[in-house]
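Some notes on the structure that comes next.
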Amino acid sequence: MPLPPATGTGRYYAIAAKSIRLIRHGCTNRPFFHISVTHRRRLNSQPVIEQLGSYDPMPNMNNEKLVALNLDRIKHWLGKGAHVSPPVAELLGLSGFFPIHPRSYMTAWRNRRTERENQAKEKAEGSS
Amino acid sequence: MIPKNVLLKRVSPLISQIAEAHRKPRWEPVAKSKIYRIPKRPEISEEERLELLRINNNYKTQMRAIRRFYHEEMMRELSSLKSASSEMSQKLEAEEWEKCVHLNEEWNKEVAAEREQRRKIELAAMEEYTLKRMEEKDKEMREKIEKASAEIRLQKELSATFITPDNLEAAIDAALANPIDYNFAIDLKGNHFYGRDTPIVNQDKKDNAINTNT
């Protein structure tokens, strides 16, 4: 029996809850994600309904993390009441489709704080 | 007892429990070394907590609005699709269809004319190519026949000397009368001396000459 396509089977239960989430498709030490809509209670290894984009978390030669989004279909599934998982919500927030996710703000200020602390420590070590 | 490996690596669900790869089955208890481990709670300051609460509330409110907006949009689209199936719109659609069919036919005609022209050119090219190939083939055949006839002529000329049952006796007599000995001796300079009884001439002279040279 052939494997179900990673781009989605297109078959779904109308009443069941859907969720838009990241599905890991890379291999060992090389993460790569599909942004897919699937049933909320399904495992990530199971066939998805539809692929809505992709996310490459490893920076390429231009130091970019590439994200592809099919916004038309995302709008469609949001209209149908699909849930959005936090990582996808963050990506959509950074892309300007959603408001910026609170977690993005949180990681940003925490990163800033650790950097400030590191700088202060360096300064103290330099002066002593 | 089914081995754990079989359960983890199986493709189709044998039992209702489905295990993710690299994970232990759900019925495995907590590891003995981890029973009394209590994970540390994250420490969040009061200030940060309030800020997170505020931005989370804002986010949730905005998201609710966005969700409602897309839902309403979808409903609007659905209703517009429904209204599209009314009589008036059906008539409009039929007209549009007619127009499209006419346009398509025109385009088809254009393309057919182009195709016919192209086909003619292709056919001419093909004919030319075939004729050329046939000519080449003919030439090759002619050459072959010429070569064969030359060979036949040569063999006919040679056939005068062939040994036939008629002159077999004479040939045998001639062979017996003139025996040929193919044995030969060879000297250092590569001279051949045919026959077993051929006297070797100037043997000493030659040796002397070699000695004086060296």
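Chains B and W supply the protein sequences, listed in that same order.
Read in order, the letters of the first sequence are residues 1 to 128 in full-length UniProt numbering.
Read in order, the letters of the second sequence are residues 1 to 214 in full-length UniProt numbering.
Note that the Cβ used here is the ideal one computed from N, Cα and C, for glycine as well.
As the structure is a computational prediction, the values presented were derived from the model and not from experiment.
Going by the beta-carbon positions, is the gap between Lys18/B and Ile49/B smaller than 9 Å?
Cβ atoms of Lys18/B and Ile49/B: closer than 9 Å.
Applying the criterion that 16 or more other CB atoms from any shown protein chain within 10 Å of the CB defines a buried residue, is Ala113/W buried or exposed?
Result: exposed.
Can you give me the C-alpha to C-alpha distance between Glu98/W and Val88/B, rounded to a whole angstrom?
Distance between the alpha carbons of Glu98/W and Val88/B: 46 Å.
By the criterion of Cβ-Cβ separation under 9 Å, what are the contact partners of Gly26/B in chain W?
The premise fails here: Gly26/B is roughly 14 Å from chain W at the closest Cβ pair, so nothing lies under 9 Å.
Which two residues bound the contiguous alpha helix (DSSP H) that contains Ser79/W?
First-last of the alpha helix (DSSP H) with Ser79/W: 46 to 83.
For Phe184/W, which residues does DSSP report across the bridge?
Its beta-bridge partners are Tyr194/W.
Cα separation between Ile15/W and Pro25/W?
Confidence at Ile15/W is low in this model, with a pLDDT of 47, below 50, so its placement is unreliable and the value that follows should be read with caution. Those two C-alpha atoms are separated by around 12 Å.
Rounded to whole angstroms, what's the CA-CA distance from Asn62/B to Leu50/W? Just pull it up for me.
Approximately 38 Å between the Cα atoms of the pair.
Below 9 Å between beta carbons: does that hold for Asn70/B and Leu52/B?
A contact, by the Cβ cut-off of 9 Å.
List the residues of chain B whose Cβ lies closer than 9 Å to the Cβ of His71/W, in chain order.
The contacting residues are Leu78, Gly79, Lys80, Gly81.
Between the alpha carbons of Glu136/W and Lys147/W, how many angstroms are there, rounded?
In a straight line, the C-alpha of Glu136/W is about 17 Å away from that of Lys147/W.
Cβ closer than 7 Å: which chain B residues qualify as neighbours of Leu52/W?
By Cβ distance, chain B contributes Pro102, Met106.
Within 10 Å of its beta-carbon, does Trp109/B have 16 or more other beta-carbons around it, so buried, or fewer, so exposed?
By the neighbour-count rule (16 or more Cβ atoms within 10 Å), Trp109/B is not buried but exposed.
In this structure, does DSSP put Gln155/W in helix, strand or coil?
Gln155/W: helix per DSSP, three-state reduction.
Assuming Ile55/W contacts Tyr105/B under a Cβ cut-off of 8 Å, what Cβ separation, rounded to an integer in Å, is found between them?
Sure, about 6 Å apart at Cβ, within 8 Å.
For the segment 18 to 44 of chain B, list every residue whose C-beta sits within 9 Å of some C-beta in chain W, in sequence order.
For the segment 18 to 44 of chain B, which is checked against every Cβ of chain W, the residues closer than 9 Å are Leu43, Asn44.
Leaving out the 5 sequence neighbours to the left and right, which residues in its chain are closer than 7 Å to Pro59/B when beta-carbon positions are compared?
Counting only Cβ-Cβ distances below 7 Å, and skipping sequence neighbours, we find Lys65.
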